[in-house]
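In the working numbering, the protein residues as written are 91 to 426.
Below, the structure written as structure tokens:
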């Protein structure tokens, strides 16, 4: 494997359904733990309290997932990110027998009729795959009435929006689930708190991450509350870990961190991309899923775990049959 972890993911290792459909609880998925030069160890997510120390802090994303896919006869529109002027970034996809695939068509000024007599106007391309577009009504209300959760071809059937929410979801706005926190349950949160592990929220609304494209993330809305910033700084000052539950949390905290690693309350749009060259300043651990080959997220993981440790962990995950994607298994990376 190279730094970009250009590996082949066997089709059988894509989780095609939630663990609940396999007769498991959310926190029964597997959890691989990487600690620097040590060989990875293997657990279940329910073991998390025993893997952390009293005084450690887990920072979670409280963004709730929208039913962001609107399906037409031949196309699907994936609503990604709300802009301040009321327009949205959207991805157009061609519907297939199993899900959808990228669609290169569309023209600036084109009007697309949507279910419920709604109309979407394409304004201009924002990126090679995303359009800036305007719907003729409130988007979130429309999606609640006519949308479905975004589903890619590795997921075999539709699941209700509840399957795409985490236990922390309180602020609607994500096109796709902040899935690293999906295995948390109310019972597990109670066990963590009883252990003396703190939990604090940030908000970062995720956009669409088309699995067919290897591209850096674009600007996303985020907010780091003052109370969370204080808890992060207190944990660091006390020598405890700051564990981000997901790459979205890393992005938000590292955006709000100064050169000395101190985090301040912040909100707005972030274009921050974590790479091994940039490194991390506030975060000392990460809970995450298993990411696609060549994904930009793998550069973030390398920044936290180290290139060799990450390659070793992914080799182990492939060998032991870990499951990928939002309904799959998990990975805890600790810098110490």
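Every residue, glycine too, gets a C-beta built ideally from N, C-alpha and C.
Pick from 343, 254, 408, 357: whose alpha carbon is nearest that of residue 380?
Taking the first residue of the chain shown as position 1, residue 380 is located at position 290. With distances taken between Cα atoms, residue 380 lies closest to 408.
Going by the DSSP bridge assignment, what does residue 277 pair with across the sheet?
Reading the chain shown from its first residue, position 187 is the one you call residue 277. Within the DSSP bridge table, the entry for residue 277 names no partner.
With which residues is residue 179 paired in a DSSP beta bridge?
Residue mapping note: residue 179 aligns to position 89 of the chain shown, counting from 1. Under the DSSP definition of a beta bridge, residue 179 partners with 171, 222.
May I ask you to report which of helix, strand or coil DSSP gives residue 425?
Position 335 of the chain shown holds residue 425. Three-state result, residue 425: coil.
On a CA-only basis, which of 183, 159, 282 is nearest residue 240? Give me that one, please.
Translated into positions along the chain shown, residue 240 becomes position 150. Minimum Cα distance to residue 240 is reached at 159.
With DSSP collapsed to three states, give me the class of residue 315.
Working through the chain shown from its first residue, we reach residue 315 at position 225. Reduced to three states, the DSSP call for residue 315 is coil.
List the endpoints of the continuous alpha helix (DSSP H) containing residue 390.
Taking the first residue of the chain shown as position 1, residue 390 is located at position 300. Residues 387 to 395.
Contact between the region 136 to 152 and the region 279 to 289: three or more CB pairs below 8 Å?
Contact between the region 136 to 152 and the region 279 to 289 is present: three or more C-beta pairs spanning the two stretches fall below 8 Å.
In the DSSP assignment, find the unbroken alpha helix (DSSP H) run with residue 139 in it and report its ends.
The residue you call residue 139 lines up with position 49 of the chain shown. Residues 138 to 141.
Using a threshold of 8 Å, state whether the C-beta atoms of residue 294 and residue 153 are closer than that.
Indexing the chain shown from 1 puts residue 294 at position 204. Indexing the chain shown from 1 puts residue 153 at position 63. Residue 153 sits close to residue 294, with the two beta carbons spaced by under 8 Å.
Exposed or buried, residue 260, counting other C-beta atoms within 10 Å across all chains shown (16 or more means buried)?
As a working mapping, residue 260 is identified with position 170 in the chain shown. Exposed, because fewer than 16 other Cβ atoms sit within 10 Å of the Cβ of residue 260.
Run through the region 226 to 254 for me and flag every whole alpha helix (DSSP H) of 4 or more residues, listed as ranges in chain order.
Fully enclosed alpha helix (DSSP H) runs of 4 or longer: 229 to 236.
Comparing alpha-carbon positions, which option in 320, 338, 199, 203 lies nearest residue 265?
Along the chain shown, read from residue 1 onward, the residue named residue 265 stands at position 175. Ranking the options by Cα distance to residue 265, first place goes to 338.
Counting along the chain, where does the beta strand (DSSP E) carrying residue 344 start and finish?
The sequence position of residue 344 within the chain shown is 254, counting from 1. Per DSSP, residue 344 is not a residue of any beta strand (DSSP E); the alpha helix (DSSP H) it occupies stretches across 337 to 346.
Under the three-state reduction of DSSP, which class applies to residue 355: helix, strand or coil?
For this step, residue 355 is matched to residue 265 along the chain shown. Taken through DSSP and simplified to helix, strand or coil, residue 355 comes out as coil.
How would you call residue 92, buried or exposed, if buried means at least 16 neighbouring beta carbons within 10 angstroms?
Taking the first residue of the chain shown as position 1, residue 92 is located at position 2. Reliability of the predicted coordinates at residue 92 is poor, the pLDDT of 41 falling under 50, and no value is obtained from them.
Burial state of residue 354 (16 or more Cβ within 10 Å)
In the chain shown, the residue the question calls residue 354 occupies position 264. By the neighbour-count rule (16 or more Cβ atoms within 10 Å), residue 354 is not buried but exposed.
Would you grab the beta carbon distance between residue 169 and residue 420 for me? Rounded to a whole angstrom, and I think it's under 8 Å.
Taking the first residue of the chain shown as position 1, residue 169 is located at position 79. Taking the first residue of the chain shown as position 1, residue 420 is located at position 330. Taking 8 Å as the upper bound for CB-CB distance, residue 169 and residue 420 are not in contact here, some 27 Å apart.
Boundaries (first-last residue) of the beta strand (DSSP E) holding residue 118
Walking along the chain shown from the start, residue 118 turns up at place 28. Looking at the DSSP string, residue 118 is not in any beta strand (DSSP E), and its letter there is neither H nor E.
Limits of the beta strand (DSSP E) - the one that residue 191 falls within:
By 1-based counting over the chain shown, the position of residue 191 is 101. Counting along the chain, the beta strand (DSSP E) containing residue 191 begins and ends at 190 to 192.
I'd like to know whether the C-beta atoms of residue 290 and residue 413 end up nearer to each other than 8 Å.
The residue you call residue 290 lines up with position 200 of the chain shown. The residue you call residue 413 lines up with position 323 of the chain shown. Against a cut-off of 8 Å, the Cβ pair of residue 413 and residue 290 comes out as no contact.
Hey, how far is the Cα of residue 369 from the Cα of residue 393?
As a working mapping, residue 369 is identified with position 279 in the chain shown. As a working mapping, residue 393 is identified with position 303 in the chain shown. Taking the straight line from one Cα to the other gives about 5 Å.
DSSP beta-bridge partners of residue 104
Within the chain shown, residue 104 is the residue found at index 14, counting from 1. In the DSSP assignment, residue 104 is bridged to 414.
Sequence-distant residues of the same chain with beta carbon closer than 7 Å to residue 177, five excluded per side
Position 87 of the chain shown, counted from the start, is the residue given in the question as residue 177. Excluding positions up to five away in sequence, the list reads 213, 222, 223, 224.
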